[in-house]
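K.L.:
According to this note's numbering, the sequence shown is numbered sequentially starting from 17.
Glycine included, each C-beta is placed from N, C-alpha and C at the ideal position.
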Amino acid sequence: MKIKKIGGFLKFIMGDNIAGITLSPFGIYVKEKYLTNAEIINHESIHWKQQMEMLIIFFYLWYLIEWLLKKIKYGKEAYDNISFEREAYTNENNLKYLETRKPYSWLKYIKK
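(1) Quick check: what's the CA-CA separation for Ile126 versus Leu85?
(2) For the structure I just gave you, are there three or more beta carbon pairs, one from the stretch 52-65 and one from the stretch 77-91, closer than 8 Å?
(3) Just how far apart, CA to CA, sit Leu80 and Glu69?
(4) Shortest alpha-carbon distance to Leu114 belongs to which of Asn53, Asn58, Ile98, Leu77?
(5) Using the rule of at least 16 other Cβ atoms within 10 Å of the residue's Cβ for burial, across every protein chain shown, is Glu93 buried or exposed?
(6) As a quick exercise: from Glu108, Asp96, Phe42, Ser40, pick the residue whose alpha carbon is nearest that of Trp83.
(7) Taking the alpha-carbon positions, what's the Pro119 to Glu101 distance?
(8) Looking at the strands, I want to know which residues DSSP matches up with Gly23.
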């Protein structure tokens with residue numbers, strides 16, 4: 017996994033409101049001012065692990081389906097309630113999390 021600075025194209029597509037994004041198999045992209053922020057790198061690394069264990073395409077399919085379902089239930093708070101995001105946000109401050117993380121740990125974050 018490569019960590020790269022978010023370039024102009026991604027800024028244009030994603031807007032200015034994101035700190036980072038994981039786009040497997042290409043890498044993790046982070047705003048330049050966050051390139052040394054361990055928590056953001058850890059958050060995106062958790063997404064990298066999720067994407068790898070779901071063979072990338074299934075991650076994106078599940079993410080989209082879950083977002084649509086959560087959009088109905090939570091409205092504007094749909095993103096915050098996606099299981100992948102809940103796992104990453106819950107554990108982004110634990111810099112050793114990926115060393116002990118069990119495969120498919122995001123499943124326990126589906127319920128809410």
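P.N.:
The short version:
(1) Numbered from its first residue, the sequence shown carries residue 126 at position 110. Numbered from its first residue, the sequence shown carries residue 85 at position 69. Near 11 Å, if we compare the C-alpha coordinates of Leu85 and Ile126.
(2) Result no; under three Cβ-Cβ pairs closer than 8 Å.
(3) Locating residue 80 in the sequence shown gives position 64, counting from the first residue. Locating residue 69 in the sequence shown gives position 53, counting from the first residue. Looking at the two C-alpha atoms, the distance is approximately 17 Å.
(4) Within the sequence shown, the letter at position 98 stands for residue 114. Relative to the Cα of Leu114, the nearest Cα in the group Asn53, Asn58, Ile98, Leu77 belongs to Asn58.
(5) Here residue 93 refers to the residue found at position 77 of the sequence shown. Counting the other Cβ atoms within 10 Å of the Cβ of Glu93 gives fewer than 16, which makes it exposed.
(6) Mapped onto the sequence shown, residue 83 falls at position 67. Minimum Cα-Cα distance from Trp83 among the listed residues Glu108, Asp96, Phe42, Ser40 corresponds to Asp96.
(7) Walking along the sequence shown from the start, residue 119 turns up at place 103. Walking along the sequence shown from the start, residue 101 turns up at place 85. Approximately 15 Å, taken between the alpha carbons.
(8) Here residue 23 corresponds to residue number 7 of the sequence shown, with the count starting at 1. Looking at the DSSP assignment, Gly23 forms no beta bridge with any residue, so it has no partner.
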